[in-house]
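Below: the structure, in structure tokens.
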Amino acid sequence: MKWDDLLLMRHELQLLAVILIVTCAEIYLSGRDKSRIIPLSLALFGIHMAAGWLWPAEGELFGGMYRTNGLIHLMKNILDVGVLIVLLQTGGWARKQLVPENRASEFFLLIWSSLLGMYYMVSAGDLLMVFLGLELSTLPVAALAAYEVLKMRSAEAGIKFILTAGLASAVTLMGISLLYGSTGTFVLADLGKQMQGNSLEALGFLFFFAGIAFKISLVPFHFWTPDVYEGAPISVAAYLSVISKGAAVFILMILLMGFAPLLTDLWVNVLYLLAILTMTIGNLFALRQRNLKRLLAYSAVAQAGFIMLGFMSSQQDGKASIVYFMLVYLFSNLAAFGVVQTIELHTGKEDMSDYEGLYRTNPRLSLVMLLALFSLAGIPPLAGFFGKFFLFMTVASAGYYLLLTIAVINTVISLYYYLLIVRAMFLRKSDNPLPLVTSDGWMRAGLVICVAGIVVLGVASGVYDAIYALCAHL
Amino acid sequence: MNMLLLLLIIPALTVGGLLFSNGKRLPRMVAAVGMSLQFAAACYLVLAYLQERAAGNTAEMLFTSSYEWFKYLNIRFDLGVDGVSVSLILLTAIVTLAGVFISWRVEDLAKEFFVSLILLATGVFGFFISIDLFSMFLFYELAVIPMYLLIGIWGSGPREYAAMKLTLMLMAGSAFLLVGLLGLYFYSANAADQHTFNLLEIARGGIPIEAQRLFFPLTFVGFGVLGALFPFHTWSPDGHASAPTAVSMLHAGVLMKLGGYGCFRVAIFLMPEAAAEMSWFFIILTGSCVIYAATHAILQTDLKYINAYSSVSHCGLVLFAILMLNETALTGAVLQMISHGLMTALFFALIGMLYERTHTRIVQEMGGLLKVLPFISAVYVIAGLASLGLPGLSGFVAELSIFVGAFEHPDVFHRVWTILAVSAIVVTAVYILRVVGVMLMGPIKEPAYAALPGAFWYEKTGALLLILPIVGMGLLPLWLADMIQFSLIPLLRALGVG
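In order, the protein sequences belong to chains A and B. So the first sequence is numbered by this note's numbering: it starts at 1 and just counts up by one. So the second sequence is numbered by this note's numbering: it starts at 1001 and just counts up by one.
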């Protein structure tokens, strides 16, 4: 192994450097200068994100334990963009609440550690590596969910998350050991060759899958989602709904489409069923929610069901539709969370009825929310429409017209509860609407990036074409 | 650059301009200027189209161009028009411009109102100039969604309920449509053996009959919901009654035509065999719709509900005519779309004017308005006469062609349904004349009515914009009919009757 080969791990090394620099800064900056950690962290991460797009490479390290290629590179970059937006949206909150308590840098460090775990997970060439990455990405999030220690709900969210995540890890590990027992190997590339398609492997696969499904919050593994989203700080909920879910979707896609050819029939059937359940149950539960965080949580569950539609075809179009949808979903969902966060931070309100008449006092925030919700609902010409359309095309290309019909009906159901928020903001007039909220510069930057993504990503077809081309090989 | 793109660029620029125009008056000026330009562009398009045809261009679609969009999926933005779409584009331009004038008095969130209104119109224009299923679907949804805000924010009565019902029902329709369109895509093949969304390529390649049987109902119902196909029409009366005047105008006048146009251009043109097989079922639905909605209109007391049910009845007639699958009836269907678009827009405009003055829409509460509001009342009478199909006005030409075409079918089934549908004309006469009699004639009900102001200049402009084409169409229907008939040839060839 040459030293240059380590450059394949550029993302990981860069992020590690960022983590170390911020740790040193935390140690050396004195109390009064601590607030500088926020711009420093954001700047460093911004540089990391930008640098990540350069020089994609392809290759393996450590005897195949670590692998990367153009698509994996892109996945990491997508996660980076998402984390950058989350961090931008965190900026104001961190300054207001965390800096006085002297806990700002830990927040960033925990998020980055989790992101580092996701990098390794996505890049894993080996089941053990997948598991290590999964654990590294999960544990810091439990701490993050409980970050507002003095709030009971936040602590509760942390406990709930760590318990379910622990269970999920155990189940995953069980699945891995069954797979190992049957095939005698951890290496993904060999796994596909050694598999015989027996029922032990099927069982191992199901266990393994259940563990990942927890992270994606597929029904019936979704029960933690609304409680944790509601209790955790909103940035953490946003992180969970987009980044954590995204990484899990990516690894699932790599494993299923790349390395489990014999089990294809099995997992297509499993996902067919879970997609229907997840979309329908997520949507039906979302209908009755009045707390926006819970509503967005159930909407995130439903969206996870839509993502599963992309798995119906292992061809290039299926892969591309999944990656593209994740990218689109990231911008849309983070915009929605950003608005909820801004309003919560300044007024403490997070109920749908509090949003009544919001447009007349806060036109800009309302418009951002409108775009985000319409994009989530899949209204043209916003990016969400294209994301959903390509997922639906994947389903149709595989010939599952019944599933397609159920999916499109679900988009109508989801439109209803998204419109409820629009109704509160635009249609209703309130005697005492929320006052004009001035968001901080960081948040504004985050929202602007999201809106740009929502508006441009769909119409500019180059993005999808580029993703499609990268999906040629996994 | 393709001149059809102008029809998208002008509204886009208008919306852009509106975003920067604040205050109560500036937005309406910007909207009026933009839509006047759009109207001019539409007129120019008609002239250019006629010129091309006169010069002997016999292509199915004129002014075509094709822009690559998502290259790996062979999704393109294909533009093109034929006589049918040109005439509907002109209709849209007229109704939109009239709508802007009628909304002159909207002052609450004026900017937002005109932005939504013009976005809606943009969706409609985009739909009519597209000849590929992807862009058509995109513009279709783009046209529907501003309705939610327009009805919800500026509407009256149970506006939230009506807006939600309308949006969800139309979106559900478009959801089924999406399944149908994707099915068409995956069963299509162009010359290079790729899947395609392009209408002409799909038609050339043909769709296997088994697939047609599956996707024809989905597509027809999907578009039909917007065309008020019975029993999926219930969004229409509530939606129209709650919507602000200009929105009712655009919606009944133009947006519902998207449904008819889609049924005709996508469902029937691409799946002619299935259409011939299944038309009996939909004839029953639409035929009942014509009678049912007309009788329902008699029972209503609210002017907007009367007109909404009348719209459902007339739009049902459009679908009924399309399902007759022959040249005369199809020509009639397109004529009816245009005639009804103008008429119903005019009706809603007048109802809006009356409501602003009398603050009621209940027929029985008004009376003798002809004496105090001569202009509005006279126009109302003309619109009513057009609606019940008086010769010399647009409705007569359209309905005559439809019924003659429908009666061309020699079998009992078609003839019986035609006779039933014709009877709706009598019912129409009942509700129109009753309203005219009670509301316009007789003594003045309220003394306060004597002081009502007559029509303002912007109201007159809007009304004249609509009434001139109604009269024009009634007196000189032939050039329009020729333009349409020529464009029906590909469809008739597909059906095997041309």
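Glycine included, every Cβ here is placed at the ideal spot set by N, Cα and C.
Check whether the Cβ of residue i lies closer than 8 Å to any Cβ atom in chain A.
i                : result
K1257 of chain B : no
L1138 of chain B : yes
F1186 of chain B : yes
For residue i, which of helix, strand or coil comes out of DSSP?
i                : result
I476 of chain A  : This structure cannot settle anything about residue 476 of chain A, because the visible part of chain A is limited to 1 through 474.
A1329 of chain B : helix
I1075 of chain B : strand
D33 of chain A   : helix
I1131 of chain B : coil
L1109 of chain B : coil
L1062 of chain B : strand
D1238 of chain B : helix
V1422 of chain B : helix
N291 of chain A  : strand
R1028 of chain B : helix
A1243 of chain B : coil
I1503 of chain B : Any question about residue 1503 of chain B goes unanswered here, given that chain B covers just 1001 to 1498.
N269 of chain A  : helix
E1201 of chain B : helix
Y147 of chain A  : coil
Is it right to say residue i is buried, meaning 16 or more other beta carbons lie within 10 angstroms of its own, or is it exposed?
i                : result
M1249 of chain B : buried
H48 of chain A   : buried
P1208 of chain B : exposed
E58 of chain A   : exposed
S1423 of chain B : exposed
A1463 of chain B : buried
N269 of chain A  : exposed
D265 of chain A  : exposed
V1412 of chain B : exposed
P117 of chain A  : In the sequence on display, residue 117 of chain A carries Gly and not Pro. It is buried - the Cβ of G117 of chain A has at least 16 other Cβ atoms within 10 Å.
V149 of chain A  : exposed
T1286 of chain B : buried
V1397 of chain B : buried
H1414 of chain B : buried
Against chain B, with Cβ distances strictly below 8 Å, would residue i count as a contact?
i               : result
D465 of chain A : yes
L470 of chain A : no
F392 of chain A : yes
S313 of chain A : no
L404 of chain A : yes
A396 of chain A : yes
S461 of chain A : yes
Y419 of chain A : Before going further, note that residue 419 of chain A is Leu rather than Tyr in the sequence given. Yes, because at least one Cβ of chain B sits closer than 8 Å to the Cβ of L419 of chain A.
T411 of chain A : yes
F426 of chain A : yes
P433 of chain A : no
P233 of chain A : no
L415 of chain A : yes
Y272 of chain A : no
V328 of chain A : no
L324 of chain A : The residue asked about is misnamed: residue 324 of chain A is Tyr in this sequence, not Leu. For Y324 of chain A, the answer is no, since every Cβ of chain B falls outside 8 Å of its Cβ.
R423 of chain A : yes
Taking 7 Å as the cut-off, is the beta-carbon of residue i closer than that to any non-hydrogen atom of the ligand ATP?
i               : result
L365 of chain A : Looking for the ligand ATP in the displayed structure turns up nothing, as the structure carries no ligands at all.
Item checked: Proximal residues, the segment 1171 to 1184 of chain B versus chain A, C-beta separation under 8 Å -> Those would be M1171, A1172, A1175, F1176, L1178, V1179, L1182, G1183, in chain order.
Next item on the list: Determine which residues of the segment 1055 to 1076 of chain B have a Cβ less than 9 Å from any Cβ of chain A, and write them out in chain order.
Entry: Listed by position, the residues of the segment 1055 to 1076 of chain B near chain A (Cβ gap below 9 Å) are E1068, W1069, F1070, K1071, Y1072, L1073, I1075.
Notebook entry, point to check: Just by C-beta distance, which residues in the segment 1142 to 1174 of chain B are closer than 8 Å to chain A?
Noted result: For chain A, the residues of the segment 1142 to 1174 of chain B that bring a beta carbon within less than 8 Å of one of its beta carbons are L1142, I1145, Y1148, L1149, G1152, I1153, R1159, E1160, A1163, M1164, T1167, L1168, M1171, A1172, in chain order.
Next item on the list: With a floor of 4 residues, list each alpha helix (DSSP H) that falls wholly inside the segment 1441 to 1493 of chain B, ordered by position along the chain.
Entry: With a minimum length of 4 residues, the continuous alpha helix (DSSP H) runs that stay inside the segment 1441 to 1493 of chain B are 1457 to 1475.
Notebook entry, point to check: What are the start and end residues of each continuous alpha helix (DSSP H) run of 4 or more residues lying completely inside the segment 370 to 403 of chain A, in chain order?
Noted result: Listed in chain order, they are 383 to 397.
Next item on the list: May I ask you to list, following chain order, the residues of the segment 27 to 42 of chain A that have a beta carbon less than 8 Å from some beta carbon of chain B?
Entry: Correct list: empty, as no residue qualifies.
Note to self: At 3 residues or longer, what runs of the beta strand (DSSP E) sit wholly inside the segment 43 to 126 of chain A?
What the structure shows: You should have 59 to 61, 66 to 68.
Next item on the list: Let me know the alpha helix (DSSP H) ranges lying completely inside the segment 1267 to 1342 of chain B, each 4 residues or longer, listed in chain order.
Entry: Qualifying alpha helix (DSSP H) stretches, in chain order: 1272 to 1299, 1303 to 1322.
Note to self: Using a Cβ-Cβ cutoff of 8 Å, what residues of the segment 375 to 386 of chain A are near chain B? List them in chain order.
What the structure shows: Going along the segment 375 to 386 of chain A in chain order, one finds I379, P380, P381, F385 with a Cβ nearer than 8 Å to chain B.
Item checked: Residues of the segment 180 to 202 of chain A with Cβ closer than 8 Å to any Cβ of chain B, in chain order -> Cβ contacts with chain B come from no residue of the segment 180 to 202 of chain A.
Checklist line | Length at least 4, wholly inside the segment 1119 to 1167 of chain B: the alpha helix (DSSP H) runs in chain order | finding: Correct list: 1133 to 1154.
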